[in-house]
Amino acid sequence: MKTVIRGRVWKFGDNVDTDQIIPARYLNTSDPHELAKHVMEDSEHPDFAYKHREGDIIVAGKNFGSGSSREHAPIAIKYAGVPVVVAKSFARIFFRNAINTGLPIVEAPEAVEEIRHGDEIEVNLEKGIVTNLSTGKEFKATSFPEELQKILKAGGLMEYAKSKLKGSVSE
Amino acid sequence: MGMTITQKILADHAGRKEVYPGDLITAKIDLAMANDVTAPLAIKILENHNLNGVFDSEKIALVLSHFVPAKDIKSAQQAKLVRDFARKHNIKWFFEEGEGIEHALLPEKGIVVPGDLVVGADSHTCTYGGIGAFATGVGSTDIAYAIATGEIWLRVPESMKFIFYGKAKPWVTGKDFILHVIGEIGVDGALYKAMEFEGEAIKNLSVEQRLTITNMAIEAGGKSGIIAPDEKTLEYVKNRSNREIKIYHSDPDAEYHSVYEWNANSLEPLVAWPYLPSNVHTVGESSHIKIDQAFIGSCTNGRIEDLRLAGAVFKAALKRGKKVHPYVRCIVIPASKEVYQQALREGLIDVFLEAGCVVSTPTCGPCLGGHMGVLAEGEKCISTSNRNFPGRMGHPKSESYLANPAVVAASAILGRIAHPEEVVKAQDLVRT
């Protein structure tokens, strides 16, 4: 996982729910590439899936990922080539799902306030710093509890599980 | 320092004497649940990691509920994947299509009891808090982990307390209690927190209506919703489960993030307008809104009491020769087979059909724009379900309004959002 990420911003508002991220009409599959084709289709940027470039960053307001428990949401974002999501806050199931599936997420309310659609930003995951390269301003991100970092470092929850379950895992 | 009911359940399941908000714990689960949308992903995750066993085949529930009876080939494939997994692992609580929506089924069959710790790969898993269990929604990876290990990592949440005093007016239901709460605190007002409901007015509610309240805790961002078990809860559980039950209550000196107090008598039937469940208005403020579809069902309001409420409105209408408005489609979907059969026995299904509704096999269906009633561009639907996000029930430019079953039934008859009293008592004000 890259720890310093640079990219162009797609800005979204508050309460971007999972129905906007990946509408239920596409949940009849769990193929990540298929899901990525429809990412953000019911959001304020319905053309995101075919207009964004690999490496573009989603920056959103509060309560990003609210609504359903569908892990298809972080998966669709990840497979669309979005390297990180920066938001004022995340809904809790989305937060878990992002960590468990290895989609980097960063909570940085002040940064979101300042960053505009189309800005270039840099996210330093290790240091927890978001920099708006278009304006030069730097912001501190909220850091994860140590225990969650362990899951992230293990490469996600299942890797963590495997190390715990050594005995019952057939290699 | 005292503990809340939530802390006590979590402490017991983590093998600790006490836990406090912010603690990260690994807890043993009593049940892991997934459905036909979330289980396929979990099964693939297990396979990809060569995890070939389940921790306990009697503590896993797999429910085909969302896109069944299969709406298309892809959905059929997903259901088959879950079915095959359930057979291979001899999963005790596997439910075929048409058996019901998980959040109606699990309490109804006594699979969840008070004091349980339940994780489910469906956001409305918080429903089971209505009978005094700690229950929370998680994703497919979490469920894969739980199915393999019987454990879940959790951050112990802070609790918010919501007290309802007094007595609610007629036509004010559990749905209106929770819409009121969400309207007051917002869709992220309880983010990461446990929502505890209590007070005389909550005690007066049936178990089914309590389940409606805790069902929508997630709509305020909550991790869980909970109502301490009382005589009504125990009576409900008694005939459904033989399991030993441990009853938990919050200590008087337990700490809360915040406490809200309301008089239930001041509540009116409410309607949440698009595009957030917090966008609540009274029925009166909504009566100019004409509708194309009405939906009675879902894990929020598809239980027998909900159908009785809607049925009472339709019966009153039929008595005066009124039926579902000619410009409205009204869809009734019992949340489980047991509810369906009970409704049949009580003559409710006849009432719905006679009134011009369509009645279908238990499924989540239209609630999430899946099938059985998807909206076209520009259409408006009043629904007893739980979400009114953009595109939730169909076209991104369709609109969903959330209300209780009596309001939805009255609206179906009058063709616009209406108070049940307009149908049951006063003269009709049918739109022209």
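In order, the protein sequences belong to chains H and C. So the first sequence is numbered by the numbering used here: it starts at 1 and just counts up by one. So the second sequence is numbered by the numbering used here: it starts at 1001 and just counts up by one. All residues carry an ideal CB built from backbone N, CA and C; glycine is no exception. Just so we're clear, the structure is a prediction, and the values are computed from it rather than from any experiment.
Residue range of the unbroken beta strand (DSSP E) whose run includes Ala1312/C: Premise fails: Ala1312/C lies in the alpha helix (DSSP H), 1304-1319, not in any beta strand (DSSP E).
Check whether Leu1402/C and Ala1272/C have beta carbons under 7 Å apart: yes
According to DSSP, residues forming a beta bridge with Leu125/H: Bridge partners of Leu125/H: none, in fact.
Nearest-angstrom Cα separation, counted from Cys1364/C out to Ile1073/C: 18 Å
Chain H contacts made by the segment 1058-1073 of chain C, where a contact means CB separation under 7 Å: Phe1067, Asp1072
Alpha-carbon to alpha-carbon, Ser1287/C and Leu1414/C: 10 Å
C-alpha distance - Asn63/H paired with His38/H, whole-angstrom precision: 21 Å
Which listed residue (Lys1203/C, Gln1209/C, Ile1218/C, Leu1154/C) has its alpha carbon closest to that of Ile1185/C: Ile1218/C
Validate contact between the segment 1119-1131 of chain C and the segment 1083-1098 of chain C using beta carbons, cut 8 Å, 3 pairs: no
Cα-Cα separation between Leu1234/C and Val1187/C, rounded to whole angstroms: 31 Å
Thr1136/C classed as buried or exposed, judged by whether at least 16 other C-beta atoms fall within 10 angstroms: buried
Collapsed DSSP secondary structure at Ile1131/C in the structure displayed: helix
N-terminal and C-terminal residue of the beta strand (DSSP E) that Ala60/H is part of: 57-60
Alpha carbon of Gly61/H to alpha carbon of Ala1220/C, nearest angstrom: 16 Å
Pro23/H at chain C interface by Cβ criterion, 7 Å: yes
Backbone secondary structure at Lys153/H - three-state DSSP: helix
Sheet register partners of Val1359/C (DSSP bridge): Val1332/C
Identity of the residues DSSP links to Trp1262/C by a beta bridge: Phe1164/C
Any C-beta of chain H under 7 Å from that of Phe1389/C: yes
Contacts of Ile1333/C in chain H (Cβ-Cβ under 7 Å): Correct list: empty, because the minimum Cβ distance to chain H is about 16 Å.
Three-pair Cβ contact test at 8 Å for the segment 1349-1362 of chain C versus the segment 1256-1268 of chain C: no
DSSP-derived helix/strand/coil call for Arg1387/C: coil
Contact set for Lys1246/C: own chain, Cβ-Cβ below 6 Å, skip 5 residues either direction: Gly1115
Any chain C beta carbon closer than 7 Å to Ile93/H: yes
DSSP bridge partner residues for Lys140/H (one or two, in chain order): Ile129/H
Coil, strand or helix - Asp1084/C by DSSP: helix
Cβ-Cβ separation, Phe139/H to Ala98/H (assumed contact under 8 Å), whole Å: Ala98/H to Phe139/H, Cβ: 20 Å. No contact.
Interface flag, Arg96/H vs chain C, CB-CB below 7 Å: yes
Heavy atom of the ligand ADP within 6 Å of Thr1038/C beta-carbon: Ligands are entirely absent from the displayed structure, and the ligand ADP is therefore not among its contents.
Sequence-distant residues of the same chain with beta carbon closer than 6 Å to Glu1158/C, five excluded per side: Pro1021, Lys1193, His1257
Contacts of Thr101/H in chain C (Cβ-Cβ under 7 Å): Thr1141
Range of the contiguous alpha helix (DSSP H) that encloses Thr1214/C: 1207-1215
C-beta neighbour in chain H for Gly1369/C, strict 7 Å: yes
Own chain, CB closer than 6 Å to Lys1323/C, minus 5 neighbours either side, in chain order: Ala1355, Gly1356
Rounded separation between Gly1002/C and Ile1009/C - CA only: 13 Å
Assigned secondary structure, Val1068/C (DSSP; H/G/I helix, E/B strand, else coil): coil
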